[in-house]
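Engineer: Protein sequence lines correspond, in order, to chains A and B. Mapping of the first sequence onto our numbering: residues 12 to 332, in sequence order. Mapping of the second sequence onto our numbering: residues 283 to 548, in sequence order. Glycine included, each C-beta is placed from N, C-alpha and C at the ideal position. No experiment lies behind these values; they were computed from the predicted model shown.
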Amino acid sequence: MSFIHVQHLCKRFYVQKKRKNGALLREKETVEALKDVSFQIEKGELIGYIGPNGAGKSTTVKILSGILTPDSGEAEVGGKVPWKNRKEYVQHIGVVFGQRMQLWWDVPILDSYSLLKDIYRIPEATYQKRLSELAEALNLGDLLRTPLRQMSLGQRMRAELCGSLLHQPEMLFLDEPTIGLDAVSKLALRDFLKWENREHRTTILLTTHDMEDIAALCPRVMVLGHGRKLYDGSLQDLLRHYDRTRTVEIRYGGDESRPDLPESVQMLKEGDGFRIIYEPEKLPTAELLNLLQQAGPIREMTVQPQNIDHLIADMYREMGL
Amino acid sequence: MNTLRLYLRSMGILLKSQLQYPLSFLLQTLAQLIMEGGEMLAVVLLVDRFDHLNQWSAGDLYFFFGLMSVTFYITECFGRGITGNFPSMVRTGQLDTLLIRPRGILTQVLCSAVDPRRITCIAVGTVSLILGSRMSRVDWTAANILLLAESIFCGFWLILGLFLIEAILCIHSVKSVEIANALTYGGRSACQYPVDAFPRSFRTLFTVIAPFALVMHVPASRILGKPIFGWPAWAAWISPLSGFVLFAVMVLLFAKAMRFYRSTGS
């Protein structure tokens with residue numbers, strides 16, 4: 012059986028509506044956070060879990076990390092049911108919440124780690140070895156004596172990651188780990204996750220809104236919307252379906268030049284050049300180039316793929332999210 | 283045993299972090315002294331004006347006040363995790379971060395905070411306790427010392443149990459419920475005076491529901507040689523255990539309530 016096995020998972024919340032004028036009690040509204048979600052994940056996979064806000068990503072993570080109990084459905088992680096025997100189960104998982112700090116705020120992170128050692132009952136030797144390994148991989152060496160409150164967001168996220176991996180969990184859940192991070196921190200974090208996944212075969216499931224995270228890290232991606240799983244497969248396959256257009260920016264040597272293009276191609280005058288959006292399916296790039304060259308001497312030209320965020324927005328739109 | 287070690291280590295680290303701001307720590311500790319000194323002044327004025335309350339002499343009143351003060355602030359100091367920010371942890375979803383650790387929730391909550399500023403409040407209480415026992419000529423036999431210790435120890439769990447009520451209500455409504463404060467802070471303010479000074483409804487409240495009278499007043503009156511409710515000697519040894527019972531019931535209710543925990547935020 013797969014390492015993670017989720018079958019027909021359902022979870023609904025009851026939200027109290029605003030009280031109507033004159034009404035004594037507030038009406039309850041049911042929000043179905045998860046509607047029959049199923050998937051399998053093998054040991055050592057690195058999986059991206061995406062979807063618009065409110066799609067049910069965090070709910071899934073909370074159920075799989077034993078925080079919430081589902082209304083119906085089954086789930087097993089490493090042969091254990093997350094919401095049963097909580098203490099036994101969480102010994103084998105690590106969770107990082109991008110928007111919620113877990114380490115002690117006012118104390119040096121080294122003190123936090125040594126408390127975590129006691130909490131997880133990690134033997135001293137194992138702890139020392141793991142800590143030095145993680146501190147090096149996360150470049151935390153100089154920060155160990157710094158309290159969390161004095162750290163930048165990027166440093167804090169690295170410190171949190173270290174804390175959640177000290178007990179060497181088989182499974183790591185990350186809920187929006189790159190939220191608010193600068194480019195350098197993001198890159199460092201991605202490199203680290205790849206390293207941890209490769210070195211220890213740690214299975215990693217991360218939710219994110221940053222498509223670059225997915226492109227850089229996850230061979231497999233699951234898309235969730237309105238509590239349903241809408242896609243499960245590789246990112247390339249997902250994008251291929253939506254990634255239909257290319258953008259050309261072009262400037263000519265002579266001012267009079269203006270390419271004559273078929274109607275399926277969109278052309279906009281931009282500064283002293285043109286922006287051309289075409290679909291290679293309808294007009295092969297070689298033909299387009301021919302047409303462009305006939306118009307005059309090309310001074311410079313770039314061809315760009317579509318922005319990945321736009322693709323995802325198109326996809327969400329098409330899926331009715 | 284491992285749990286106790288974890289608690290002590292947590293306390294050590296938390297103390298260290300509080301002492302990072304020595305001036306702020308000192309000022310807040312002094313503020314606590316003024317606050318609790320003010321509370322004691324109320325007793326001083328009462329005694330000065332009336333010199334006794336029912337059958338209770340001035341010394342007895344100082345003793346009751348001291349007992350409540352010492353017990354309540356020891357609880358606030360060492361049980362700060364539960365008496366302080368636990369309800370807000372439930373409300374903000376910070377509780378999630380405890381649920382993913384392989385330890386009991388209440389253990390972790392207790393390990394999450396300590397409030398050493400209360401030391402001055404405990405000192406005021408101790409002074410009042412000593413003053414009262416001198417004035418009332420308490421005979422400090424081994425049995426009396428043990429009874430006092432039992433009363434304080436059980437009082438600790440009683441007060442923690444009462445603070446748990448707020449946490450339990452928070453899980454169900456995800457909102458602060460002030461009604462619980464009536465039992466905790468209200469109980470402290472009322473029961474620093476002997477409970478038989480109050481009308482019947484209050485006596486029932488603080489005997490049956492929030493048994494401050496059973497945990498503190500019954501053994502205290504035994505130590506002072508004036509058995510309250512006219513109960514036999516052994517009752518003074520049994521009745522404080524009701525503090526434990528209340529705590530145990532609240533722990534069970536808390537565990538039950540956790541099944542309804544909904545978490546908040548993303």
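#1: Could you compute how far the alpha carbon of Arg373 of chain B sits from the alpha carbon of Cys452 of chain B?
#2: Mind checking the segment 375-388 of chain B against chain A and listing, in chain order, the residues whose C-beta falls within less than 8 Å of any C-beta there?
#3: Around the C-beta of Pro308 of chain A, are 16 or more other C-beta atoms found within 10 angstroms, so that it is buried, or is it exposed?
#4: Tell me the start and end of each unbroken beta strand (DSSP E) in the segment 226-279 of chain A that is at least 3 residues and wholly inside, in chain order.
#5: Give the residues of chain B in contact with Ser76 of chain A, contact being defined as C-beta atoms less than 9 Å apart.
#6: Is DSSP giving Ile287 of chain A helix, strand or coil here?
#7: Which residues in chain A sit within 9 Å of Gln302 of chain B, going by Cβ to Cβ distance?
#8: Please list the segments of the beta strand (DSSP E) lying wholly inside the segment 317-384 of chain B, counting only runs of 3 or more residues, in order along the chain.
#9: Run through DSSP, which three-state label would Ile133 of chain A get?
#10: Check the C-beta distance from Ser394 of chain B over to Gly363 of chain B and give it rounded, since I have them as a contact under 8 Å.
#11: Can you give the Cα-Cα distance for Ser548 of chain B and Leu217 of chain A, rounded to whole angstroms?
#12: Sort A:Ser49, A:Lys22, A:Leu57 by Cα distance to Leu246 of chain A and report the nearest one.
#13: Per DSSP, Thr218 of chain A is paired with what?
#14: Applying a beta-carbon distance threshold of less than 9 Å, which residues of chain A neighbour Ser299 of chain B?
#15: My understanding is that Phe307 of chain B touches Val325 of chain B, with C-beta atoms under 8 Å, so please give their C-beta distance in whole angstroms.
#16: What separation, rounded to the nearest whole angstrom, lies between the Cα atoms of Val234 of chain A and Val88 of chain A?
#17: Evaluate Cys500 of chain B with the Cβ neighbour count: other Cβ atoms within 10 Å of its Cβ, from every protein chain shown; 16 or more gives buried, anything less gives exposed.
#18: What does the Cβ neighbour count give for Leu312 of chain B, buried or exposed, with the cut at 16 atoms within 10 Å?
#19: If I follow the unbroken beta strand (DSSP E) through Ser49 of chain A, where does it start and stop?
#20: Which residues bound the alpha helix (DSSP H) around Gly525 of chain B?
#21: Kindly say whether Lys538 of chain B, judged by its beta-carbon, lies nearer than 8 Å to any beta-carbon of chain A.
#22: Can you tell me where the beta strand (DSSP E) with Glu85 of chain A in it begins and where it stops?
#23: Would you kindly report the start and end of the unbroken alpha helix (DSSP H) that includes Gln300 of chain B?
#24: I'd like to know if the segment 349-365 of chain B and the segment 432-447 of chain B are in contact, where contact means that at least 3 CB-CB pairs between them fall below 8 Å.
#25: Work out the CA separation of Ser483 of chain B and Gln102 of chain A for me, nearest whole Å.
#26: Identify, in the order they occur along the chain, each residue of the same chain with its Cβ nearer than 6 Å to the Cβ of Phe494 of chain B, setting aside the five sequence neighbours on each side.
#27: Taking the alpha carbon of Asp254 of chain A as the point to measure from, which residue in A:Gln315, A:Ala199, A:Ala194 has its own alpha carbon closest?
#28: Look at the Cβ atom of Asp243 of chain A, then the Cβ atom of Phe14 of chain A, and state whether they are nearer than 8 Å.
#29: Compute every distance between the C-beta of Leu428 of chain B and the non-hydrogen atoms of the ligand GDP, then say whether any falls below 7 Å.
#30: If the cut is a Cβ gap below 9 Å, which residues of chain B does Thr80 of chain A touch?
#31: Measuring only between beta-carbons, confirm whether Ile295 of chain B sits less than 8 Å from chain A.
#32: Out of curiosity, what's the CA-to-CA distance linking Leu272 of chain A and Asp325 of chain A?
#33: What did DSSP end up calling Phe438 of chain B once you bin it into helix, strand or coil?
#34: Which of helix, strand or coil does DSSP assign to Thr313 of chain A?
#35: Could one say the Cβ of Val101 of chain A lies closer than 8 Å to chain E's Cβ atoms, at least one of them?
#36: Relative to the alpha-carbon of Leu183 of chain A, which residue among A:Gln139, A:Pro63, A:Ala44, A:Ser76 has its alpha-carbon at the smallest distance?
Structural biologist: The relevant details are as follows:
#1: 7 Å
#2: Gly375, Gln376, Asp378, Thr379, Leu381, Ile382, Arg383, Pro384, Arg385, Gly386
#3: exposed
#4: 231-236, 239-244, 257-263
#5: Asp378, Leu381, Ile382
#6: strand
#7: Asp117, Val118, Pro158
#8: none
#9: coil
#10: The C-beta separation of Ser394 of chain B from Gly363 of chain B comes to about 4 Å, placing the pair in contact by the 8 Å criterion.
#11: The pLDDT assigned to Ser548 of chain B is 48, lower than 50, so where the model puts this residue is not dependable; a value taken from the coordinates is nonetheless given after this. Approximately 13 Å, taken between the alpha carbons.
#12: Measuring from the Cα of Leu246 of chain A, the nearest candidate turns out to be A:Leu57.
#13: According to DSSP, residue pairing for Thr218 of chain A in a beta bridge involves A:Tyr60, A:Asp186.
#14: Trp115, Trp116, Asp117, Val118, Pro119, Asp122, Pro158
#15: About 28 Å separates the two Cβ atoms, so there is no contact after all.
#16: Whole-angstrom Cα-Cα distance: 20 Å.
#17: Strictly speaking, residue 500 of chain B in this sequence is Val, with Cys absent from that position. Answer is buried; the Cβ neighbour count reaches 16.
#18: exposed
#19: 39-52
#20: Here the alpha helix (DSSP H) through Gly525 of chain B covers 524-540.
#21: Under the Cβ criterion of 8 Å, Lys538 of chain B is not counted among the residues facing chain A.
#22: 83-88
#23: 284-300
#24: The way I'd put it, the segment 349-365 of chain B does touch the segment 432-447 of chain B; three or more beta-carbon pairs between them come closer than 8 Å.
#25: 49 Å
#26: So the list reads Gly469, Cys473, Phe488, once near-sequence residues are dropped.
#27: A:Gln315
#28: no
#29: The ligand GDP is absent from the structure shown, which contains no ligands of any kind.
#30: Correct list: Arg541, Tyr543.
#31: Yes, Ile295 of chain B lies at the interface with chain A (some Cβ there is under 8 Å from its Cβ).
#32: 26 Å
#33: Helix.
#34: strand
#35: Although the question refers to chain E, the structure presented lacks it and instead comprises the protein chains A and B.
#36: A:Ser76
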